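According to our numbering, the sequence shown is numbered sequentially starting from 1.
All C-beta atoms in this analysis are idealised placements derived from N, C-alpha and C, irrespective of residue type, glycine included.
This one's a predicted model, so the numbers in the text were calculated from it and none came from an experiment.
Structure first, commentary second.
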Amino acid sequence: MTSQPSSPQAPAPAPAKLKPLPFAFPFLRKGRGQSEASAQFTDEREIYRLLAKRESSGSYLVSRKGMWHGGIHVTEAGAGQSLDLEAGLRCIADGVVIAFRANKTYPISEIAATDGGSPVQAPYSTGFALVRHTMEFPRGTKLTFYSLYMHLMSWEDYANFPQRKKPSYWSREWRVTQHAQDKPSPGRNGQIPDPSQQGLRVRKTPNGAPIGILPQGASIRIGKRKKVRGREWGEVTDLLGVSMYPPVTGGYVDPSPDVGRWVYLGQENGGPMVEEVFPDSMFDRVIVATDQTLSPSDSQGDGGGIPIRSGDLIGHLGRYDSLDQRTSGTRMAHIEVFCDDGIESFIEQGREWVGQHGPHKEDWAALGLPSEPTMLRVAPGTVLYQRTQNNEFVPGTDPLSRKTDAVQVYSLAELARDPNRRIPEPHPNPDPGCPVNWWHVDGVNAQGQPIDGWVCDFNFAGGRVTREFAQKWIDFECLADDHDPAHTIFATTPKWVDYARGADVADLASRSNLSPLMLKVYDALFTTGDGTQAAVELCTLSQTERGGYPWLMQAASRLIVKHESEWANPAKWNQLIVELERKTEPNPQHGEERKRIEKLAWWDEVKAGVPGFPGPEVFHVHPIGLVGNFLISSGCSCKDQTITAHNLKRIAIHTSNEAIERYIEALNQAFVDYHFDTCVARAHFLAQILHESGGFSATLESNGKGVKSYDPWRGRGLIQITFEENYNSYKKYSGEDVTSNKAAMEKLEKSPHALLSAAWYYAVKFPLIKASDDDDFIWITRVINGAYTGYDDRLSYFNRAVDVLDIKGCLKLNVDGVYRFEDSKAYNEKRASCAWGMWNDPGLTKSGIGKKSAAEALKGYGRYLELDDAAGKPVDKNGNPKDQGWYGLPAKKPVRPFVENRWKVLSES
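Below you can see the structure in the form of structure tokens.
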């Protein structure tokens with residue numbers, strides 16, 4: 001006989017799951033043609049092609065003129081021709097803005113007219129945003145890195161582009177205009193309102209009761225904004241010392257900070273009720289934002305700052321007219337990523353963990369991370385096979401001509417988007433116990449010719465092909481050594497001067513003249529040749545080369561190089577100018593460049609205000625290479641995508657086209673209004689409301705039949721809102737009357753409120769957005785249902801959504817369509833654990849989980865006993881167990897004896 005398990009003194013809480021850091025490329029691809037919307041880039045190689053073709057200067061590591069360059073440039077006239085410039089630059093990862101500078105107007109460099117020419121006036125932006133990011137892997141090992149976005153658009157320049165949104169981290173206020181003409185109501189005793197008391201009503205809720213009137217000309221700060229019945233409202237976060245008029249003549253204004261304060265942001269009386277204004281104190285200075293407190297739940301919250309998410313707007317290209325080329329109207333941005341020396345140990349520990357634990361799915365699950373590799377690496381010297389008509393793969397004729405001569409790395413998810421690029425291998429030998437595929441890839445051979453063919457991702461005879469984890473930082477290499485203090489790539493500044501002016505000097509561009517640091521860079525990139533033109537080769541890394549692809553640019557994106565920042569110590573450039581003018585005539589342009597450099601610098605001010613900010617000698621990381629490595633493994637890269645009626649029909653296969661069309665608009669609006677930002681969150685919400693409503697067919701509990709003890713507050717909507725308390729809560733939140741009479745209540749049965757009320761219930765009443773982003777299906781179902789009734793149907797909807805929306809690469813806990821109880825938040829709740837046992841128990845008849853499992857039932861029952869012991873087996877004031885009458889047990893029947901009995905029966909069977 002098996003005895004009951006010994007109960008521990010305290011539960012073993014499931015270790016905290018790691019939250020993969022979401023990434024996004026820093027700009028959007030312009031739509032092809034007027035009918036196509038802009039879209040996220042999903043393949044870093046597409047960006048390298050674009051930069052090589054359109055951005056001849058401003059490449060990572062080395063500029064065209066032989067200077068150090070720690071980031072990349074994007075210009076309006078260059079790569080911008082293929083980018084959605086209206087959408088602006090986007091933040092590359094979740095983080096916090098820790099500092100920024102916004103120009104009110106651009107500074108101007110002025111050079112007097114010479115030789116009868118015209119004077120030069122060249123605007124340039126010193127605006128920037130600096131974002132701090134933190135990533136963790138393995139558990140307990142963290143890396144802090146920073147992304148920088150330079151030369152951003154000025155406030156004045158935004159007037160030229162009124163459709164462009166300004167960055168959300170800019171400090172803004174809202175001023176009540178003369179169009180706001182709300183007046184106090186007459187007093188109860190007939191007092192007449194003062195005609196001078198006009199302004200904007202402040203209400204408890206959108207469309208709710210007024211609590212005061214803001215005078216015309218008053219400025220306030222607004223936080224959350226939302227639309228109610230098509231009207232936009234803003235929540236007042238700071239009155240900035242303004243005294244409001246009372247809403248009723250002779251009355252008073254409720255001073256309580258607990259009272260909600262909402263104002264209408266639309267137009268009346270011929271104009272806007274409020275206008276956006278920016279205080280002068282915000283402009284033309286470095287603002288350190290780490291004094292802004294973050295919520296404890298913010299994963300990037302250590303140290304304070306302004307939260308920002310991957311893909312959020314960071315700014316737009318600003319003016320940066322060149323002095324030497326004397327061009328006008330140039331718009332550009334500089335993007336870079338840097339971190340301190342901790343990146344070396346971070347990469348080393350990540351590689352060590354992957355080496356030890358990579359093949360073990362349970363070890364990844366313990367971290368809460370996907371257990372499948374995300375990248376395919378094809379090593380140099382690999383023969384690309386040919387595919388025969390019989391679907392066999394062979395080296396073919398002349399295999400040497402199809403042997404790769406450069407490393408090629410692909411995102412497996414990106415390859416899988418095209419079904420013609422993947423062929424499953426039905427009979428792998430030996431069998432690794434996981435799916436094996438043939439992939440169609442391309443490359444370049446030793447003769448510089450483009451080649452393509454097939455490789456197998458397991459035991460490939462044609463060369464080394466491996467599936468890799470992003471956490472291994474495959475092919476990334478950290479380099480550090482001495483460099484020229486004046487930021488040239490040469491060993492000394494005079495050697496750069498000779499190179500820059502084309503002096504008649506032997507071995508001018510030879511590798512022997514490079515600084516020790518740049519010699520390491522050169523040797524990492526150029527493994528053949530004599531190095532006599534090393535400087536020229538480094539200055540042209542961005543060129544399209546063999547096979548029409550910038551292989552060197554891609555290789556350089558994996559070099560992490562330590563160098564002093566361009567944005568610190570502006571005096572260093574004096575040495576460069578002095579050395580240059582020793583061998584050339586003085587140039588007024590140099591003086592203006594020096595002034596620019598002094599105004600562009602910001603490092604010392606940020607370091608003085610941000611604890612832990614590194615010194616200026618930092619490791620630089622290619623921003624596109626970093627995002628390309630982590631984009632898929634980070635989870636969701638399809639933020640803010642809408643769902644089409646066609647795809648919704650493919651998910652809700654039993655739902656009528658009429659019902660699809662009835663709810664599709666409200667569904668997409670709910671995604672925006674209730675901040676379902678990730679595709680995973682949207683898929684979870686869809687699965688739950690489709691099950692709860694029978695595929696959008698039921699919006700009234702019991703179809704209105706019979707009598708309920710809680711009538712008339714029976715369930716209505718796609719997640720049926722039930723009971724008077726919930727009706728009132730939704731009314732207060734939405735500003736919509738759903739309580740006063742039967743007609744008002746019936747709004748919840750129809751679009752849009754049938755769906756919007758479900759979104760409120762899901763995102764506000766029982767906030768499940770985070771659980772959705774975390775892919776915690778079991779906990780979501782527990783909260784929505786109370787237990788696991790309909791579990792299989794909900795999961796079927798969800799897995800179908802994953803396939804239709806092509807978001808498998810965004811999942812975190814879902815492995816091949818299945819969720820593990822111990823990975824869920826439900827594992828640490830007694831009631832959820834008991835329910836998991838009961839719904840999986842083969843000896844019970846709970847509906848929802850069709851395939852009963854004694855092992856899963858024991859898991860749930862055992863966990864309940866652990867948690868109950870840890871809680872001290874709580875009892876009420878009469879000494880009776882508090883846990884009684886759960887899930888169909890008689891009202892006074894204690895839960896624990898029932899669980900102990902079921903545990904015993906199942907463990908002995």
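- Only residues of its own chain outside the window of five on either side were considered, and among them Phe27 and Lys30 have a CB closer than 6 Å to the CB of Leu83, listed in chain order.
- By the C-beta criterion, the segment 194-201 is judged to be in contact with the segment 244-256, since at least 3 inter-stretch pairs fall below 8 Å.
- Positions of the alpha helix (DSSP H) runs, each at least 4 residues long and wholly inside the segment 767-831, are given as 769-773, 777-785 and 791-805 in order along the chain.
- Contact annotation: Val202 and Val131 have beta-carbon atoms that are not nearer than 8 Å.
- DSSP places Lys607 outside any beta strand (DSSP E); the residue lies instead in the alpha helix (DSSP H), whose first and last residues are Trp603 to Gly609.
- With a 10 Å radius around the Cβ and a threshold of 16 neighbouring Cβ atoms, Tyr710 comes out exposed.
- Cβ-Cβ distances below 7 Å link Asp363 to His357 in the same chain, with the five nearest sequence neighbours on each side left out; the list follows chain order.
- Closest by C-alpha distance to Tyr48, out of Tyr549, Phe526 and Ser734, is Tyr549.
- Here the segment 366-382 does not lie against the segment 417-432, with fewer than 3 beta-carbon pairs under 8 Å apart.
- The beta carbon of Pro450 is closer than 7 Å to those of Asp442, Val444, Gly547 and Gly548 in its chain, skipping five residues each way along the sequence.
- Taking C-beta atoms under 8 Å as the contact rule, Gln575 and Asp324 fail to qualify, at a distance of about 19 Å.
- Under the Cβ criterion (8 Å, minimum of three pairs), the segment 816-835 does not count as touching the segment 718-729.
- Residue Leu858 holds the alpha-carbon nearest to the alpha-carbon of Gly843 among Leu858, Glu829, Arg831 and Lys830.
- Boundaries of the alpha helix (DSSP H) harbouring Cys539: Ala534 to Cys539, taken from the DSSP string.
- Its Cα nearest to that of Leu648, the residue Phe696 stands out among Phe696, Gln198 and Tyr674.
- A distance below 8 Å between beta-carbons, with the five flanking residues on each side excluded, links Ser322 to the following residues of its chain, in chain order: Ala122 and Thr330.
- Taking a 10 Å sphere around the C-beta of Phe23, we find 16 or more other C-beta atoms and assign the residue as buried.
- Annotation for Trp903: the continuous alpha helix (DSSP H) segment containing it runs Val895 to Glu908.
- Val74 carries a strand assignment under DSSP once its states are collapsed to helix, strand and coil.
- In the DSSP assignment, Cys91 is bridged to no other residue.
- For Asp280, the secondary structure class from DSSP, reduced to helix, strand or coil, is helix.
- Residue range Lys142 to Met150 is occupied by the beta strand (DSSP E) that includes Lys142.
- A direct Cα-Cα distance of roughly 8 Å separates Gln178 from Met273.
- For the pair Leu811 and Val680, the CB atoms are nearer than the 8 Å cut-off.
- Comparing alpha-carbon positions, the option among Lys224, His487 and Lys873 lying closest to Ala571 turns out to be His487.
- Look at Asn587 here: in three-state DSSP terms it is coil, with no helix or strand label.
- Contact between the segment 422-441 and the segment 331-348 is not established, with fewer than three Cβ pairs separated by less than 8 Å.
- A straight line joining the alpha-carbon of Leu214 with that of Glu605 spans about 38 Å.
- Sixteen is the threshold: since fewer than 16 other Cβ atoms of the shown chains lie within 10 Å of the Cβ of Leu400, the residue is exposed.
- Ranked by Cα distance from Arg101, the first of Ala470, Leu152, Lys882 and Tyr146 is Leu152.
- Judged by beta-carbon spacing, Arg221 lies within the 8 Å limit of Thr237, meaning their Cβ atoms are closer than that value.
- Cβ atoms of Gly127 and Ser154 come within 8 Å of each other, at about 6 Å.
- When the Cα atoms are used, Gln181 and Gly735 turn out to be separated by approximately 22 Å.
- Taking a 10 Å sphere around the C-beta of Lys224, we find fewer than 16 other C-beta atoms and assign the residue as exposed.
- If you draw a straight line from the Cα of Gly368 to the Cα of Leu686, it is about 23 Å long.
- Secondary structure at His753: helix, using DSSP grouped into helix, strand and coil.
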